[in-house]
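Enquirer:
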Amino acid sequence: MRAVLPLDDAAADLATAGGKGASLARLTRAGLPVPGGFHVTTEAYRAFVAGFREEILRAAAADPGAIPALFAAHDMPGEIAAEILRAYEGLGDDVPVAVRSSATAEDLPGMSFAGQQDTYLNIRGDALLDAVKRCWASLWNARAIAYRDQNGVPHEDVALAVVVQELVDADAAGVMFTADPVTGARDTTVINASWGLGEAVVGGQVTPDAIVVTGGAVTESRTGDKKVMTVRTAAGTEERPVPEELRGAPVLDDAQALELAGLGARIQDLYGTPMDVEWTRRGGTFAIVQARPITGLKAPLEEWNDSLKGDYLWTAGNLGEAIPDVMTPITWSFVRLFINEAMSSSALPGFDLVGNIGGRFYMNLSVVHSVARALGMSGRLGAVEQVFGKVPAGLEVPMVRVSRWGIIKRVLPMAVRLQRRVRENLKAMPAFLATSQQRCEELRERVAATGSGPELAGLWEREIRPHMVTSCRMLEAAGRQGGSTLVYTRDRLRRMMGEVDAEAMLTGVNIDGELASMGPVMGLSRLVRGEITRDEFARTYGHRGPHEFEVSIPRPGEDPARIDALIEGLRGMKDDTEALLERQRAARERAWARFAQRYPGKEAKMRARVQRWNAVVRDRESARSENMRAFWVLRAFTVRAGELTGIGDDVFSLYLDELLALLRGDRSALERVPARRATYERYAALPPYPVLIVGHFDPVRWAADPARRADVYDARGVSVPVSETVTGFPGAPGVVEGIARVISGPEDGDRLKPGEILVTTLTNVGWTPMFPRAAAVVTDMGAPLSHASIVARELGIPAVVGTGNATMRLRDGDRIRVDGERGTVELLA
Numbered sequence: 001m002r003a004v005l006p007l008d009d010a011a012a013d014l015a016t017a018g019g020k021g022a023s024l025a026r027l028t029r030a031g032l033p034v035p036g037g038f039h040v041t042t043e044a045y046r047a048f049v050a051g052f053r054e055e056i057l058r059a060a061a062a063d064p065g066a067i068p069a070l071f072a073a074h075d076m077p078g079e080i081a082a083e084i085l086r087a088y089e090g091l092g093d094d095v096p097v098a099v100r101s102s103a104t105a106e107d108l109p110g111m112s113f114a115g116q117q118d119t120y121l122n123i124r125g126d127a128l129l130d131a132v133k134r135c136w137a138s139l140w141n142a143r144a145i146a147y148r149d150q151n152g153v154p155h156e157d158v159a160l161a162v163v164v165q166e167l168v169d170a171d172a173a174g175v176m177f178t179a180d181p182v183t184g185a186r187d188t189t190v191i192n193a194s195w196g197l198g199e200a201v202v203g204g205q206v207t208p209d210a211i212v213v214t215g216g217a218v219t220e221s222r223t224g225d226k227k228v229m230t231v232r233t234a235a236g237t238e239e240r241p242v243p244e245e246l247r248g249a250p251v252l253d254d255a256q257a258l259e260l261a262g263l264g265a266r267i268q269d270l271y272g273t274p275m276d277v278e279w280t281r282r283g284g285t286f287a288i289v290q291a292r293p294i295t296g297l298k299a300p301l302e303e304w305n306d307s308l309k310g311d312y313l314w315t316a317g318n319l320g321e322a323i324p325d326v327m328t329p330i331t332w333s334f335v336r337l338f339i340n341e342a343m344s345s346s347a348l349p350g351f352d353l354v355g356n357i358g359g360r361f362y363m364n365l366s367v368v369h370s371v372a373r374a375l376g377m378s379g380r381l382g383a384v385e386q387v388f389g390k391v392p393a394g395l396e397v398p399m400v401r402v403s404r405w406g407i408i409k410r411v412l413p414m415a416v417r418l419q420r421r422v423r424e425n426l427k428a429m430p431a432f433l434a435t436s437q438q439r440c441e442e443l444r445e446r447v448a449a450t451g452s453g454p455e456l457a458g459l460w461e462r463e464i465r466p467h468m469v470t471s472c473r474m475l476e477a478a479g480r481q482g483g484s485t486l487v488y489t490r491d492r493l494r495r496m497m498g499e500v501d502a503e504a505m506l507t508g509v510n511i512d513g514e515l516a517s518m519g520p521v522m523g524l525s526r527l528v529r530g531e532i533t534r535d536e537f538a539r540t541y542g543h544r545g546p547h548e549f550e551v552s553i554p555r556p557g558e559d560p561a562r563i564d565a566l567i568e569g570l571r572g573m574k575d576d577t578e579a580l581l582e583r584q585r586a587a588r589e590r591a592w593a594r595f596a597q598r599y600p601g602k603e604a605k606m607r608a609r610v611q612r613w614n615a616v617v618r619d620r621e622s623a624r625s626e627n628m629r630a631f632w633v634l635r636a637f638t639v640r641a642g643e644l645t646g647i648g649d650d651v652f653s654l655y656l657d658e659l660l661a662l663l664r665g666d667r668s669a670l671e672r673v674p675a676r677r678a679t680y681e682r683y684a685a686l687p688p689y690p691v692l693i694v695g696h697f698d699p700v701r702w703a704a705d706p707a708r709r710a711d712v713y714d715a716r717g718v719s720v721p722v723s724e725t726v727t728g729f730p731g732a733p734g735v736v737e738g739i740a741r742v743i744s745g746p747e748d749g750d751r752l753k754p755g756e757i758l759v760t761t762l763t764n765v766g767w768t769p770m771f772p773r774a775a776a777v778v779t780d781m782g783a784p785l786s787h788a789s790i791v792a793r794e795l796g797i798p799a800v801v802g803t804g805n806a807t808m809r810l811r812d813g814d815r816i817r818v819d820g821e822r823g824t825v826e827l828l829a
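Mapping of the sequence shown onto my numbering: position 160 corresponds to residue 160, and the numbering continues sequentially without gaps.
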């Protein structure tokens, strides 16, 4: 048995020297300035208590207060006592020492037993043996017993070592945290300092100085009112008043604080984690008397904020409606791939077309407006508004800092390549749309059958990524065909026939083939009537939903309960989907009859143009739907990667390149998962950000502002007046009065009763199964050419979209009038 070990002995591990002792041994071996001393091992403790261990355990359960007397009544075995005294004599002649408890269940990750056992200071000579026995007994004080019970540490398993160290007669001491213990910031060191020994700081008897070191410089320094100090005396230690001239004087100057922070950095590097360090200073020389990992430290946070890249106008319109959630890192990777392939022609080399602001998707309208101005197309920005929503009057769009000629040189070559690519992909589109469902099902089956990480990574490179790229390029082609047709045809019909008849004439997209955005609604009706099975519904429409871009969320086709909820939502409707479509068909034919009467000879040509409109809309929606089916494959790929690597849901916290590296055996990115999870949770807890953002935007600060606006944020300080009225785009004509039901998300859709008016921030295809229940739809976000607006028109449901302030002005249960022709919403008394 070894009762004593030198302080730096490699055998001084957790089991032998306890948490504090093992840490001091490690620090000493690393060459850090640690006062000399030795360990009294857990073997010595066990040898001492061997004869009365059962008595200790009984007393611990019944009367912990009796335990100190048990220890005092037993003599320390002679050989153990002699070994301790020999080690003490080796420190010097009558050296004052600190006698510190060091438990085997101490300074463990996630737990701190600091203060649970006792420490004795300024111990000399024969008093050392008694101090060691009292330390041993403190393993069984009431607070230590309670803490072990709370943390599930069995009493039978614990033992106590003792660290005996030379006591530094410190003129100053304190505590240092190598990360901010409040914010969790890893780039900050926080130092607390006071006069005398460190017990006054650790025990909370003084308000110490607080010094913050960031980036190799003192960035903050507060001098505390240090009223008392712990000092050595002949009888031990005592607290004395701090001399008046020192109470308000700083303990450390900047140079000393930086020197101490440097020691903290060395200790953190040694342990690989932020540390809680106790230090002393004597005559300008620092010593480390304890170091342990910081427990309860907030996970480090990343910043996901592309608004910091420049003074641009960002919008959450259009694609932001399709991607309404805070995105996980892997989803953002897939969305960037999607943007690079499906919208590359809208980009301006050197500038980000899209951004991640607080985890949410935004598009850079400054790029779009700058390109339009450079190409002399400012007059066509009205078409942009019909897609992305209105820019409020008085809001000046900041332009990118590139000359007109510089923009032209960057954009024209891309435009030429785009035309060629679109022509080629339009030829291939019918075959792609015909085979996409089967191909995606095959890929999901292939993913499920993979047996190793490298095999799955190979499948990604060979088959999954190429299919995803193809689906994105088909969407690009579908979106680029007939873009002017959509805007021009609608505007011309409105001039010729007025809003109501024009919108009626543009419906009927389903006549020559199913409109993909209507698919889930119509499929549900067929499922309820027994015309298709649940499996057929799941296979055909199960990839569509309110969160279809976010791969961490199951698709409706994976979740039988979700399909049940959708079916339940159809109950109690006055009119089913087919009845709504039939009513709209009749309105459409009456409008065409009026057109023929007003413009004889022009009906055939206009019908052909509208047929072209319908075909373009169908192609766009079909290509988008199949792109979302490809995202279901991406989800299957990601989930399988989590299974094969054993990291489960942590896979969603990786970016794509990290995930592929993990599949091939590189697990280094996993250390970033806690920070990513914490960052995601922070952003997900915030309300949805404004539709329009100009300049640098801090989501957390914005959310904390009681006067925050959900429509516009302008960092330039320019205040766009808040509209007192609720107005927006005429989404679908008709006038309806009813009860407003303000719904924050599709998961609360069961609150919408048949005949009520749906009021919400945004809708996407995942919301459309609610539309047949709604008397009308009102949204903060949206534009006439968004697919939700198209669905509302197809069903003949009045809609006002892109109001910017509906959810700010309207309250749940208000009685309102919605005028879908004028784009107004009126609050009724």
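Glycine included, C-beta positions come from ideal geometry on N, C-alpha and C.
Since the structure is predicted, the reported quantities are computational estimates derived from the model, not experimental observations.
For aspartate 169 versus arginine 282, is the C-beta spacing smaller than 8 Å?
Expert: The residue given as residue 169 occupies position 169 in the sequence shown. The residue given as residue 282 occupies position 282 in the sequence shown. Going by C-beta atoms, aspartate 169 is nearer than 8 Å to arginine 282.
Enquirer: Does the distance from the C-beta atom of glycine 37 to that of valine 97 stay below 8 Å?
Expert: Your numbering for residue 37 matches position 37 in the sequence shown. Your numbering for residue 97 matches position 97 in the sequence shown. Yes. Within cutoff.
Enquirer: Assuming threonine 230 contacts glutamate 220 under a Cβ cut-off of 8 Å, what Cβ separation, rounded to an integer in Å, is found between them?
Expert: Locating residue 230 in the sequence shown gives position 230, where the first residue counts as 1. Locating residue 220 in the sequence shown gives position 220, where the first residue counts as 1. About 26 Å separates the two Cβ atoms, so there is no contact after all.
Enquirer: Under 8 Å by Cβ, that's how I've got valine 140 and alanine 60 pegged, so tell me the actual separation to the nearest angstrom.
Expert: Stepping through the sequence shown from its first residue, residue 140 is reached at position 140. Stepping through the sequence shown from its first residue, residue 60 is reached at position 60. Sequence check: residue 140 is tryptophan here, not valine. Indeed, because the Cβ distance is near 6 Å, the residues count as touching under 8 Å.
Enquirer: Compute the beta-carbon to beta-carbon distance between alanine 799 and serine 789, rounded to the nearest angstrom, for a pair I have assumed lies under 8 Å.
Expert: As a first step, residue 799 is located in the sequence shown; it is residue number 799 there, counting from the start. As a first step, residue 789 is located in the sequence shown; it is residue number 789 there, counting from the start. Indeed, because the Cβ distance is near 6 Å, the residues count as touching under 8 Å.
Enquirer: Between the C-alpha atoms of aspartate 126 and isoleucine 80, what's the straight-line distance to the nearest angstrom?
Expert: Mapped onto the sequence shown, residue 126 falls at position 126. Mapped onto the sequence shown, residue 80 falls at position 80. Roughly 14 Å separates the two Cα atoms.
Enquirer: Hey, which unbroken runs of the alpha helix (DSSP H) at 4 residues or more fall wholly within the region 550-627?
Expert: Taking only runs of at least 4 residues, the alpha helix (DSSP H) segments lying wholly in the region 550-627 are 560-569 and 577-598.
Enquirer: Starting from glutamate 681, trace the alpha helix (DSSP H) in both directions and tell me its first and last residue.
Expert: Looking up residue 681 in the sequence shown gives position 681. Where glutamate 681 is concerned, the enclosing alpha helix (DSSP H) stretches over 673-684.
Enquirer: Go to histidine 369, then tell me how far its alpha helix (DSSP H) extends in each direction, as first and last residue.
Expert: To locate residue 369, count along the sequence shown from 1; it is residue 369. It spans 365-374 - the alpha helix (DSSP H) in which histidine 369 sits, taken as one unbroken run.
Enquirer: Using 8 Å as the threshold, is the region 709-726 in touch with the region 691-698, meaning 3 or more CB pairs across them?
Expert: Yes: the two stretches touch, three or more of their Cβ pairs being nearer than 8 Å.
Enquirer: For alanine 374, which option in Ile357, Gly18, Ser403 and Leu353 has the closest C-alpha, if you only look at C-alpha atoms?
Expert: The residue labelled residue 374 in the question sits at position 374 within the sequence shown. Of the candidates Ile357, Gly18, Ser403 and Leu353, the one whose C-alpha sits nearest the C-alpha of alanine 374 is Ser403.
Enquirer: Could you tell me if tyrosine 88 is buried or exposed, where buried requires 16 or more neighbouring beta carbons within 10 angstroms of its beta carbon?
Expert: As a first step, residue 88 must be located in the sequence shown, where it is residue number 88. Under this definition tyrosine 88 is a buried residue.
Enquirer: Counting along the chain, where does the alpha helix (DSSP H) carrying glutamate 259 start and finish?
Expert: Taking the sequence shown and counting its residues from 1, one reaches residue 259 at position 259. Unbroken alpha helix (DSSP H) run through glutamate 259: 254-271.
Enquirer: Would glutamate 321 be called buried (16 or more neighbouring beta carbons within 10 Å of its own) or exposed?
Expert: The residue given as residue 321 occupies position 321 in the sequence shown. Classification of glutamate 321: buried, given that the 10 Å Cβ count is 16 or more.
Enquirer: Closest to glycine 823 by C-alpha separation, out of Leu795, Ala776 and Met808, would be which residue?
Expert: Mapped onto the sequence shown, residue 823 falls at position 823. Comparing Cα positions, the closest option is Ala776.
Enquirer: Does the Cβ of glycine 802 have 16 or more other Cβ atoms within 10 Å, making it buried, or fewer, making it exposed?
Expert: Along the sequence shown, one-based indexing puts residue 802 at 802. Buried: at least 16 other Cβ atoms inside 10 Å.
Enquirer: Give, in chain order, every unbroken run of the beta strand (DSSP E) that is at least 3 residues long and sits entirely within the region 721-793.
Expert: Taking only runs of at least 3 residues, the beta strand (DSSP E) segments lying wholly in the region 721-793 are 729-732, 735-742, 757-760 and 776-779.
Enquirer: So the candidates are Leu32, Ala516, Leu5 and Leu660; which of them puts its Cα closest to the Cα of glycine 458?
Expert: Here residue 458 refers to the residue found at position 458 of the sequence shown. For the residues Leu32, Ala516, Leu5 and Leu660, the minimum Cα distance to glycine 458 belongs to Leu660.
Enquirer: Give the secondary structure of histidine 467 by DSSP, where H, G and I count as helix, E and B as strand, and everything else as coil.
Expert: In the sequence shown, counting from the first residue as 1, residue 467 sits at position 467. It is helical.
Enquirer: With phenylalanine 844 as the anchor, note down where its alpha helix (DSSP H) starts and where it stops.
Expert: The shown model of the chain, from 1 to 829, leaves out residue 844, and the question about it has no answer.
Enquirer: Going by other Cβ atoms of all chains shown within 10 Å of its Cβ, with 16 needed for buried, is tryptophan 405 buried or exposed?
Expert: Looking up residue 405 in the sequence shown gives position 405. Under this definition tryptophan 405 is an exposed residue.
Enquirer: Nearest CA to the CA of threonine 315: which residue from Val397, Ala287, Ala10 and Arg247?
Expert: Position 315 of the sequence shown, counted from the start, is the residue given in the question as residue 315. Here the closest residue by C-alpha is Val397.
Enquirer: Have a look at arginine 534 and valine 528 and give me their C-alpha separation to the nearest angstrom.
Expert: Position 534 of the sequence shown, counted from the start, is the residue given in the question as residue 534. Position 528 of the sequence shown, counted from the start, is the residue given in the question as residue 528. About 9 Å.
Enquirer: Which residue comes first and which comes last in the beta strand (DSSP E) that contains serine 194?
Expert: Residue mapping note: residue 194 aligns to position 194 of the sequence shown, counting from 1. That run of the beta strand (DSSP E) goes 188-195.
Enquirer: Tell me, please, which residues DSSP counts as bridged to tryptophan 279.
Expert: Locating residue 279 in the sequence shown gives position 279, counting from the first residue. According to DSSP, tryptophan 279 bridges with Gly174 and Ile288.
Enquirer: Would alanine 416 pass as a contact of valine 371 if the rule is Cβ separation under 8 Å?
Expert: Within the sequence shown, numbered from 1, the residue matching residue 416 stands at position 416. Within the sequence shown, numbered from 1, the residue matching residue 371 stands at position 371. With the sequence shown as reference, residue 416 is identified as valine, and alanine is not the correct amino acid for it. Taking 8 Å as the Cβ cut-off, valine 416 and valine 371 do not qualify as a contacting pair.
Enquirer: Starting from alanine 98 and walking both ways along the beta strand (DSSP E), at which residues does that stretch end?
Expert: Translated into the one-based positions of the sequence shown, residue 98 becomes position 98. Here the beta strand (DSSP E) through alanine 98 covers 97-103.
Enquirer: Between the C-alpha atoms of asparagine 340 and aspartate 576, what's the straight-line distance to the nearest angstrom?
Expert: As a first step, residue 340 must be located in the sequence shown, where it is residue number 340. As a first step, residue 576 must be located in the sequence shown, where it is residue number 576. Going by the C-alpha atoms only, they are around 40 Å apart.
Enquirer: Can you tell me which residues form a DSSP beta bridge with valine 912?
Expert: Nothing can be reported for residue 912: it is not among the residues displayed for the chain, which extend from 1 to 829.
Enquirer: If contacts are defined as beta-carbon pairs under 8 Å, then serine 102 and threonine 119 qualify, I think. What distance do you get, rounded to the angstrom?
Expert: Along the sequence shown, read from residue 1 onward, the residue named residue 102 stands at position 102. Along the sequence shown, read from residue 1 onward, the residue named residue 119 stands at position 119. Not confirmed; about 10 Å, so no contact.
Enquirer: State the start and end residues of the unbroken alpha helix (DSSP H) segment that holds leucine 524.
Expert: To locate residue 524, count along the sequence shown from 1; it is residue 524. Taken as a continuous stretch (DSSP letters only), the alpha helix (DSSP H) holding leucine 524 covers 519-528.
Enquirer: In three-state DSSP terms, what is alanine 185?
Expert: Within the sequence shown, the letter at position 185 stands for residue 185. Coil.
Enquirer: Got a sec, what are the start and stop residues for the beta strand (DSSP E) alanine 329 sits in?
Expert: Translated into the one-based positions of the sequence shown, residue 329 becomes position 329. What sits at residue 329 in the sequence shown is proline, not alanine. Careful: proline 329 lies outside any beta strand (DSSP E), inside the alpha helix (DSSP H) at 329-342.
Enquirer: Hey, how far is the Cα of threonine 779 from the Cα of valine 818?
Expert: Here residue 779 is taken as the residue at index 779 of the sequence shown, counted from 1. Here residue 818 is taken as the residue at index 818 of the sequence shown, counted from 1. Straight-line Cα distance between these residues: approximately 11 Å.
Enquirer: Expressed to the nearest angstrom, what Euclidean distance is found between the alpha-carbon atoms of isoleucine 191 and proline 154?
Expert: By one-based count along the sequence shown, residue 191 stands at place 191. By one-based count along the sequence shown, residue 154 stands at place 154. Their backbone Cα atoms lie some 35 Å apart in a straight line.
Enquirer: Look up serine 403 in the DSSP assignment and say whether it is helix, strand or coil.
Expert: If you number the sequence shown from 1, residue 403 lands on position 403. Coil.
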